[in-house]
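Working notes, structure below.
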Amino acid sequence: MKTFYITTPIYYPNAVPHLGHAYTTVYADILARYHRLKGDETFFLTGTDEHGLKLQRAAEKKGIHPKEFVDEMAERYKNYWSLLDISYDRFIRTTDPDHEELVKWALKKLYEKGLIYKAKYPGWYCVDCEKFYSEGEYEVIEGKPHCPIHKKPLEWLEEETYYFKLSEFTEFLQKTLKRDIVYPRQYAQEVLGKIEKEGLLDVSLARPKSRVWWGIPLPWDEEYTTYVWFDALLNYVTGAGYLRDPEKFNKLWANTHHVIGKDILWFHTAIWFSMLEALEIPLPRKVLVHAFLINRGLKMGKSAGNVVFIEDLLQRYQDSDGLRYIIARIFNLQKDIEVSTDLFDSIYNSDLADNYGNLVRRVGTLVKRRLNGKLTAGKVDEDVQKTIEKTIEEYTAAMNSYEVSRAVEHIMDLLRRANAYMNESKPWEKQAPVNELYTVMEAVRTATIMLHPIIPKSTTRVAKAFGFQINYNALSTHLEEYNVTEAPILFRKVKRT
Ligand SMILES: [Zn+2]
């Protein structure tokens, strides 16, 4: 049995998730559901990144302990993911005991290997990113260095800290990044270019406890707290069971897929790959990098003040499936996507309401009225059959290469073809239009199975109403008999306001 291990970044719970988080998480969920559908042993990990200065400050502001703050926020995240039907297998929190144990083990190992040393760190620092920015990385606005993500002035900071000898991994990284591991490839080139241009500098992996006390203390120096990124990256290893369940780990880790946004590319390649190499843990199979969601000219984010709220979209598109579908359809690994209500409405109306929803309703109604709900196997129209077979191939190829939006477009083409076939063959004009309705039903059934990872609720409803199973292997066979008990109206068109 094949395994498939997929992760999202763990999110920083200083605020509730917005469309930007949903974008990444729904995409990962679709891939996880697709692999489950195919029968792969799938493990889907998401969670929250619960340490660091930003959360320490957020809790202080509310006058509560950070743990109390993150406990509440983790619950809110889980609640959002349940609203969006996110089928994670574990929700990991960096305050989980098995994770803290793993971070301490990793630190100790690197320290004993001589890969960690103490020295002074001076530089420009973004509190929101919890990251120092070097010249060329930060933006200069009115003569002052600003964070390129948050567009806020950086703070000058100079402190004694512990460094991880990242510079020792230059050759290793140059070799590794040429392998087929970062997808799409352009992002590997970006990292290689940065290494070429700036060289690899050692990175600080701790913060003085006096400034940041909310974190995992260094095992050999309690006056220091582990840098939040170092702590966070290791969640993927904890989640797969490295220390506590090595058997599970070995099985899952061989097929690890990290889904990330391009803003955290450096951490998930240069730093993460080097950490794994240093810890003698194999590299992930793929790092899937996506571009940004843009709203009013900026990357969507809390500090940019341009977030689109998940609950607003759930309301507008009636349920999770509408929003999940829109995300799948606009999802783009290479290109930034501008958020727009017009675009979202038109995707929802034309693909879900007019195409899939309409066909389900029409064919269901006709089978009920003309055939009393019982449709036994007839002859499938040759041309439609060809389209079905071609679509299954294209869909599978697209999903296997992580191109969810392309997979969805192929399904929509098939459904449009089936709608057109219905109009051409006019089954409503015939006495017993078995072949015509069976042809349409077979298109609906295969499309429904393929759509299942994207819109699980509606597809489950259709399968139940028409009497078939959602099963990947059933894509290549014909169904003997349909029992139509209902012709559901799945999506109601959104009206422009
Ligand atoms: Zn920043």
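Positions in the sequence shown are counted from 1; adding 1112 to them yields the working numbering.
Even glycine gets a Cβ: it sits at the ideal position worked out from N, Cα and C.
Confirm, please, whether the CB-CB distance from residue j to residue i is below 8 Å.
i, j, result
"residue 1293", "residue 1363", "no"
"residue 1441", "residue 1196", "no"
"residue 1206", "residue 1242", "no"
"residue 1164", "residue 1324", "yes"
"residue 1447", "residue 1509", "no"
"residue 1590", "residue 1548", "no"
"residue 1479", "residue 1556", "no"
"residue 1351", "residue 1360", "no"
"residue 1560", "residue 1493", "no"
"residue 1160", "residue 1120", "no"
"residue 1123", "residue 1200", "no"
"residue 1377", "residue 1388", "no"
"residue 1345", "residue 1383", "yes"
Using a Cβ-Cβ cut-off of 6 Å (strictly less than) and excluding sequence neighbours within five positions of residue i, which residues of its own chain qualify?
i, result
"residue 1570", "1433, 1602"
"residue 1257", "1236, 1250, 1266"
"residue 1459", "1438, 1441"
"residue 1469", "1602, 1603"
Thinking just about the alpha-carbon of each residue, which of the options is nearest to the one in residue i?
i, options, result
"residue 1585", "1558, 1606, 1339, 1512", "1558"
"residue 1467", "1530, 1608, 1217", "1530"
"residue 1303", "1314, 1315, 1288", "1288"
"residue 1142", "1581, 1515, 1548", "1515"
"residue 1259", "1239, 1214, 1219", "1239"
"residue 1607", "1359, 1454, 1186, 1309", "1454"
"residue 1523", "1513, 1544, 1499", "1499"
"residue 1227", "1305, 1390, 1212, 1384", "1390"
"residue 1273", "1231, 1538, 1248, 1301", "1231"
"residue 1334", "1216, 1271, 1246, 1420", "1216"
"residue 1328", "1210, 1186, 1593, 1280", "1210"
"residue 1562", "1592, 1156, 1507, 1371", "1507"
"residue 1496", "1504, 1481, 1517, 1533", "1533"
"residue 1491", "1464, 1525, 1592", "1592"
So, at 7 Å on beta carbons, what are the nonlocal neighbours of residue i in its own chain, with the 5 sequence-adjacent residues on each side left out?
i, result
"residue 1332", "1223"
"residue 1268", "1236"
"residue 1393", "1349"
"residue 1566", "1142, 1436, 1437, 1440, 1520"
"residue 1219", "1330, 1331, 1338"
"residue 1426", "1195, 1432, 1435"
"residue 1511", "1146, 1519"
Here's the rule: buried if 16 or more other CB atoms are within 10 angstroms of the residue's CB, otherwise exposed. What is residue i?
i, result
"residue 1299", "buried"
"residue 1177", "exposed"
"residue 1452", "exposed"
"residue 1149", "buried"
"residue 1166", "buried"
"residue 1319", "buried"
"residue 1253", "exposed"
"residue 1368", "buried"
List the DSSP bridge partners of residue i.
i, result
"residue 1320", "1336"
"residue 1202", "1157"
"residue 1232", "1272"
"residue 1251", "1258"
"residue 1407", "1410"
"residue 1487", "1594"
"residue 1370", "1119, 1399"
"residue 1450", "1406"
"residue 1295", "1400"
"residue 1139", "Note: residue 1139 sits in no beta bridge, so no partner."
"residue 1238", "1243"
For residue i, collect the residues of the same chain with a Cβ closer than 8 Å to its Cβ; drop the 5 residues on either side in sequence, then sort them by chain order.
i, result
"residue 1326", "1163, 1164, 1165, 1167, 1168, 1171, 1178, 1337"
"residue 1412", "1130, 1131, 1132, 1404, 1405, 1406, 1418, 1419, 1420, 1451"
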